[in-house]
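Chains as they are written, first to last, in our numbering: chain R, 28 to 139; chain L, 145 to 257. Idealized CB from N, CA, C, for every residue including glycine. What follows is a single structure, written as structure tokens, with notes after it.
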Amino acid sequence: AQSVTQLGSHVSVSEGALVLLRCNYSSSVPPYLFWYVQYPNQGLQLLLKYTSAATLVKGINGFEAEFKKSETSFHLTKPSAHMSDAAEYFCAVSSLRNDMRFGAGTRLTVKP
Amino acid sequence: KAGVTQTPRYLIKTRGQQVTLSCSPISGHRSVSWYQQTPGQGLQFLFEYFSETQRNKGNFPGRFSGRQFSNSRSEMNVSTLELGDSALYLCASSFEGAREKLFFGSGTQLSVL
């Protein structure tokens with residue numbers, strides 16, 4: 028069975044600082060990996076998606092993630108945090124069976 | 145293009161009752177998935193429907209059921225409600241399934257008293 032583990036349920040950064048949200052996956056088949064963001068009282072929105080075309084994936088709002096097979100990781104980064112980035116972020120894994128599984132989520136706080 | 149629509153937005157029920165939640169996917173999308181979101185358990189996969197057939201199922205008891213109609217609209221039913229069923233229920237749609245981008249609705253917040 029496939030799964031993802033997000034390290035750190037809460038991450039706090041200052042505005043302008045680097046954002047690093049960690050995600051490790053477990054999958055017996057080549058995975059499809061995703062990062063979603065959830066703002067308060069809303070559903071989830073896709074930030075970016077890895078499908079083996081390139082190991083460095085660029086998403087919306089300046090976020091990017093790097094797929095590292097040797098480390099089974101798919102960490103999300105953004106060079107400079109903005110106040111509007113405050114939200115909950117979910118890493119997710121899927122396979123050809125279309126059975127997506129989400130991590131527990133990481134709440135990002137951005138301090139002025 | 146209209147997004148994924150979930151109704152109702154809020155629902156309050158008592159233990160032992162049953163509830164039906166509705167999800168209208170984006171036009172043209174054939175896959176509809178349901179998730180339960182709680183502070184303690186995060187997002188948990190309930191089931192996925194594709195062209196009126198349940199294609200995948202998560203690890204939830206039989207009290208949780210769903211169906212999909214020919215127009216791809218989906219309903220989820222929970223019978224004999226328990227306090228622990230209080231959660232945000234999210235619906236997501238896509239053309240083919242979870243290998244691609246999922247479009248989420250805003251959810252139905254269910255409170256069981």
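Anything in chain L within Cβ reach of residue i, meaning under 7 Å, just list it in chain order.
i                      : result
residue 129 of chain R : 186, 187
residue 76 of chain R  : 245
residue 140 of chain R : Any answer about residue 140 of chain R is impossible in this case: the structure gives chain R only from 28 up to 139.
residue 117 of chain R : 187
residue 132 of chain R : 186
Cα-Cα, which of the options is closest to residue i?
i                      : options                    : result
residue 146 of chain L : L:171, L:157, L:167        : L:171
residue 74 of chain R  : R:86, R:67, R:80           : R:86
residue 231 of chain L : L:210, L:211, L:149, L:178 : L:178
residue 205 of chain L : L:212, L:221, L:216, L:164 : L:221
residue 71 of chain R  : L:192, L:193, L:207, L:180 : L:180
residue 126 of chain R : L:149, L:161, L:187, L:168 : L:187
residue 251 of chain L : R:100, R:79, R:66, R:88    : R:66
residue 79 of chain R  : R:88, R:101, R:68, R:69    : R:101
residue 59 of chain R  : R:95, R:35, R:76           : R:76
residue 42 of chain R  : R:108, R:120, R:69         : R:108
residue 168 of chain L : L:214, L:182, L:201        : L:214
residue 111 of chain R : R:81, R:37, R:89, R:28     : R:89
residue 120 of chain R : R:69, R:55, R:68, R:81     : R:55
residue 216 of chain L : L:208, L:207, L:223, L:236 : L:236
residue 81 of chain R  : R:95, R:68, R:69           : R:95
One question on the structure: do residue i and residue j come within less than 9 Å of each other, judged by their Cβ atoms?
i                      : j                      : result
residue 136 of chain R : residue 64 of chain R  : no
residue 159 of chain L : residue 254 of chain L : no
residue 104 of chain R : residue 113 of chain R : no
residue 175 of chain L : residue 219 of chain L : no
residue 97 of chain R  : residue 57 of chain R  : no
residue 62 of chain R  : residue 48 of chain R  : yes
residue 233 of chain L : residue 190 of chain L : yes
residue 249 of chain L : residue 148 of chain L : yes
residue 139 of chain R : residue 45 of chain R  : no
Which residues in the same chain as residue i place their Cβ atom closer than 6 Å to its Cβ, once the five residues preceding and following it in sequence are excluded?
i                      : result
residue 33 of chain R  : 50, 118, 130, 131, 133
residue 30 of chain R  : 53, 128
residue 151 of chain L : 166
residue 193 of chain L : 176, 212, 218
residue 115 of chain R : 65, 132, 134
Quick one: what's got a C-beta closer than 7 Å to residue i's C-beta in the same chain, skipping five residues either side?
i                      : result
residue 156 of chain L : 255, 257
residue 83 of chain R  : 91, 93
residue 238 of chain L : 173, 175, 244, 245, 246, 247
residue 225 of chain L : 157, 159, 160, 161, 162, 163, 256
residue 182 of chain L : 231
residue 207 of chain L : 222, 223, 224
residue 68 of chain R  : none
Residues of chain R with CB under 9 Å from residue i, in chain order?
i                      : result
residue 190 of chain L : Chain R residues near residue 190 of chain L: none, gap ~11 Å exceeds 9 Å.
residue 250 of chain L : 68, 69, 70
Just the chain R side, please: which residues come within less than 7 Å of residue i by C-beta, in chain order?
i                      : result
residue 218 of chain L : Within chain R, no residue comes near residue 218 of chain L; the closest Cβ sits about 15 Å away, beyond 7 Å.
residue 165 of chain L : Ordered by position in chain R, no residue passes the 7 Å Cβ test against residue 165 of chain L, which lies about 14 Å from the chain.
Which residues in chain R have a C-beta closer than 8 Å to the C-beta of residue i? List them in chain order.
i                      : result
residue 234 of chain L : 70, 71
Looking only at its chain, what residues have a beta carbon closer than 8 Å to the beta carbon of residue i, apart from the 5 residues adjacent to it on each side?
i                      : result
residue 36 of chain R  : 131, 132, 133, 134
residue 202 of chain L : 188, 189, 190, 191
Problem set entry | Inter-stretch contact (C-beta, 8 Å, three-pair minimum) for the segment 186 to 201 of chain L and the segment 244 to 254 of chain L | Touching, no, given that fewer than three Cβ pairs across the two stretches are closer than 8 Å.
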